[in-house]
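Peer 1: Residue numbers (full-length UniProt numbering): 1 to 130.
Written out as structure tokens, the structure is:
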């Protein structure tokens with residue numbers, strides 16, 4: 001589990017490899033990641049947009065920006081949390097993702113909260129000893 005806290009809003013990320021959606025013979029590796037956003041602050045916030053900086057195993061960078069997450073712009077009162085699961089395909093068996101969410105409070109102020117950097121690594125294969 002990876003985590004970051006910005007302005008008392010905690011973001012936790014748990015990545016996992018999706019073997020059934022991957023095809024290494026075609027250089028297709030797919031990961032899912034489960035995100036929990038926990039509003040530990042004393043103010044209402046709404047997630048307005050996301051930014052991802054994705055680096056594959058060869059150093060190739062892709063940047064992704066968009067409104068909300070998985071089609072939603074969740075509102076979080078103090079003490080609320082929001083969870084979602086999404087995915088990321090890569091053409092290499094490893095990579096790194098990092099980013100931020102842009103939040104807005106009731107006063108209309110916007111600010112960014114960190115998404116912790118997390119690694120996407122192909123699980124090791126176990127060898128059987130005879």
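Think of the CB as a built atom: it goes at the ideal place given N, C-alpha and C, for glycine as much as any other residue. Since the model is a prediction, treat every value here as computed from it, not as a measurement.
Grab the span of the beta strand (DSSP E) containing residue 104 for me, first residue to last.
Peer 2: 94-105 is the span of the beta strand (DSSP E), which, as asked, contains residue 104.
Peer 1: Do you know offhand how far residue 72's Cα is from residue 58's?
Peer 2: For residue 72 and residue 58, the distance between alpha carbons rounds to 32 Å.
Peer 1: In its own chain, which residues sit with a C-beta less than 6 Å from the C-beta of residue 35, not counting the 5 before and 5 after it?
Peer 2: Cβ within range, chain order: 13, 84.
Peer 1: Return helix, strand or coil for residue 26, following the three-state DSSP convention.
Peer 2: In the structure shown, residue 26 sits in a helix (DSSP, three-state: H, G or I).
Peer 1: Going by alpha carbons, who is nearest to residue 132 out of 27, 9, 4, 43?
Peer 2: Missing from the structure shown is residue 132; the chain here goes from 1 to 130 and no further.
Peer 1: When the distance is taken between beta carbons, is residue 94 closer than 8 Å to residue 37?
Peer 2: No.
Peer 1: Give the DSSP-derived three-state secondary structure of residue 38 in the structure shown.
Peer 2: It is a strand residue.
Peer 1: Mind checking whether residue 120 and residue 97 have CB atoms under 8 Å apart?
Peer 2: Taking 8 Å as the Cβ cut-off, residue 120 and residue 97 qualify as a contacting pair.
Peer 1: Are there 16 or more other CB atoms within 10 angstroms of the CB of residue 64, so buried, or fewer, so exposed?
Peer 2: With fewer than 16 Cβ atoms within 10 Å of its Cβ, residue 64 is classed as exposed.
Peer 1: If distances are taken between C-alpha atoms only, which option among 32, 101, 30 comes closest to residue 5?
Peer 2: Among 32, 101, 30, the Cα nearest to that of residue 5 is on 101.
Peer 1: Taking all protein chains shown into account, do 16 or more other C-beta atoms lie within 10 angstroms of the C-beta of residue 99, making it buried, or fewer, making it exposed?
Peer 2: Answer is buried; the Cβ neighbour count reaches 16.
Peer 1: For residue 113 versus residue 103, is the C-beta spacing smaller than 8 Å?
Peer 2: Going by C-beta atoms, residue 113 is nearer than 8 Å to residue 103.
Peer 1: Please confirm whether residue 18 and residue 124 have their CB atoms less than 8 Å apart.
Peer 2: Not in contact: residue 18 and residue 124 (Cβ atoms no closer than 8 Å).
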